[in-house]
Amino acid sequence: MSSGKDCGYTWHLSLRVDRPVEGCNMRPHAYMYSKKLDERDLDKPMPPYSKRAPHQPTQHEFHFRWFRGPMQEPCAFSGCPRRTSFSPHDWSSYALGGGCGLQCISTQSSLYKANFCNSNCFVQAWKTQYTVRRNLPHDEEIEIEDDCRADSSSPTLMSYNDFGASAEDNEEWIEISQDGVFATAAEDVGRKIKVECTAVGLDGEVLLRRAVKTDLVLSRAPDPIKRNIVTMKGAATGNGARFRVITYNILAEIYATQQMYPYCDFWALSWDYR
Numbered sequence: 032m033s034s035g036k037d038c039g040y041t042w043h044l045s046l047r048v049d050r051p052v053e054g055c056n057m058r059p060h061a062y063m064y065s066k067k068l069d070e071r072d073l074d075k076p077m078p079p080y081s082k083r084a085p086h087q088p089t090q091h092e093f094h095f096r097w098f099r100g101p102m103q104e105p106c107a108f109s110g111c112p113r114r115t116s117f118s119p120h121d122w123s124s125y126a127l128g129g130g131c132g133l134q135c136i137s138t139q140s141s142l143y144k145a146n147f148c149n150s151n152c153f154v155q156a157w158k159t160q161y162t163v164r165r166n167l168p169h170d171e172e173i174e175i176e177d178d179c180r181a182d183s184s185s186p187t188l189m190s191y192n193d194f195g196a197s198a199e200d201n202e203e204w205i206e207i208s209q210d211g212v213f214a215t216a217a218e219d220v221g222r223k224i225k226v227e228c229t230a231v232g233l234d235g236e237v238l239l240r241r242a243v244k245t246d247l248v249l250s251r252a253p254d255p256i257k258r259n260i261v262t263m264k265g266a267a268t269g270n271g272a273r274f275r276v277i278t279y280n281i282l283a284e285i286y287a288t289q290q291m292y293p294y295c296d297f298w299a300l301s302w303d304y305r
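Heads up, the sequence shown is in my numbering, so the first residue is 32 and it goes up one at a time.
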């Protein structure tokens, strides 16, 4: 029996992108890492963004490609305000409650394969559903779109749908950039952004590739109300009327964490958004 030292390594490409907001820069969090391969894992299948190798990853760099997806209906419930608004205020996890998106998979329901942005919208829409007779082939797979991770406040959970480099996708995606940083614009609002990351060795060899989809792009937050400048005559003498001044400072990035502000959406804590 061979020892674990002869089994080599598994390479993995990690890729994460925060929820995009109009006008804010998107910076992918990408890195490669390896794990010592145990002989018990030799026969286990590997995801498309991982592979086996006899040694640890070599020096490499990342190349990115950005794609804009089609417009999507965010929620099937007709009374949901998110159907017509992509304001960050409306899309906060606490705006409508039940921050876990879901999809109806009941084949006998009129809501079959309908997507909802939260559980409350699903409950309201379920009151209007009716039974539909369908004869589906036994080998038809039911596609379940689970966006619970998308609205999660934990930065360790992925806020996107993850796809390997070879995944088939029937949706129309338009390439929009090949830069390392991408700033969304007004035409991106209400769409998903897909970023493809390729790890390339110094000799030009493609090591690994991975692509992820973001959540729907939110619109730009409204500008704050402008404050008028008040001029007080004679205030320099110290005998004039007294008034208080309130100022607001932007919290430093190192303090804007989920540990300090667990009630705040992760994307709202990003420096570019604030």
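Virtual Cβ for every residue (Gly too), placed ideally from N, Cα, C.
Would residue i and residue j be called neighbours here (beta carbons separated by less than 8 angstroms)?
{"i": "residue 149", "j": "residue 134", "result": "no"}
{"i": "residue 287", "j": "residue 300", "result": "yes"}
{"i": "residue 139", "j": "residue 115", "result": "no"}
{"i": "residue 285", "j": "residue 305", "result": "no"}
Pull up the CB-CB distance for residue i and residue j, whole angstroms please, since I reckon it's below 8 angstroms.
{"i": "residue 222", "j": "residue 102", "result": "6 angstroms"}
{"i": "residue 249", "j": "residue 48", "result": "Residue 249 to residue 48, Cβ: 14 angstroms. No contact."}
{"i": "residue 80", "j": "residue 238", "result": "Not confirmed; about 11 angstroms, so no contact."}
{"i": "residue 246", "j": "residue 50", "result": "5 angstroms"}
{"i": "residue 75", "j": "residue 42", "result": "The pair is not a contact, with the Cβ atoms about 15 angstroms apart (cut-off 8 angstroms)."}
{"i": "residue 218", "j": "residue 100", "result": "At roughly 12 angstroms, the Cβ-Cβ gap does not stay under 8 angstroms, so residue 218 and residue 100 are not in contact."}
{"i": "residue 117", "j": "residue 220", "result": "5 angstroms"}
Any beta carbon from chain C within less than 8 angstroms of residue i's own beta carbon?
{"i": "residue 131", "result": "Although the question refers to chain C, the structure presented lacks it and comprises just one protein chain."}
Let's test the definition: count the other Cβ atoms within 10 Å of the Cβ of residue i and tell me whether it reaches 16, buried, or not, exposed.
{"i": "residue 124", "result": "buried"}
{"i": "residue 244", "result": "buried"}
{"i": "residue 291", "result": "exposed"}
{"i": "residue 257", "result": "exposed"}
{"i": "residue 296", "result": "buried"}
{"i": "residue 164", "result": "exposed"}
{"i": "residue 273", "result": "exposed"}
{"i": "residue 46", "result": "buried"}
{"i": "residue 210", "result": "exposed"}
{"i": "residue 44", "result": "buried"}
{"i": "residue 159", "result": "exposed"}
{"i": "residue 241", "result": "buried"}
Excluding the five sequence neighbours on either side, which residues of its own chain have a C-beta within less than 8 angstroms of the C-beta of residue i, listed in chain order?
{"i": "residue 56", "result": "212, 213, 214, 303"}
{"i": "residue 98", "result": "204, 205, 206, 207, 224, 225, 226, 227"}
Who are the Cβ neighbours of residue i in its own chain at under 7 angstroms, not counting the five residues just before and after it?
{"i": "residue 231", "result": "91, 92, 94, 237, 238"}
For residue i, which residues in the same chain have their Cβ closer than 6 angstroms to its Cβ, ignoring the five residues on either side in sequence?
{"i": "residue 251", "result": "53, 54"}
With respect to 7 angstroms, is the separation between the Cβ of residue i and the closest non-hydrogen atom of the ligand GDP below this value?
{"i": "residue 132", "result": "Of ligands this structure carries none, so the ligand GDP is not represented either."}
- request: Answer yes if the region 61-72 comes into contact with the region 108-127, meaning at least three C-beta pairs across the two stretches below 8 angstroms, and no otherwise.
  value: When Cβ pairs closer than 8 angstroms are counted between the two stretches, the region 108-127 is seen not to touch the region 61-72, the count staying below three.
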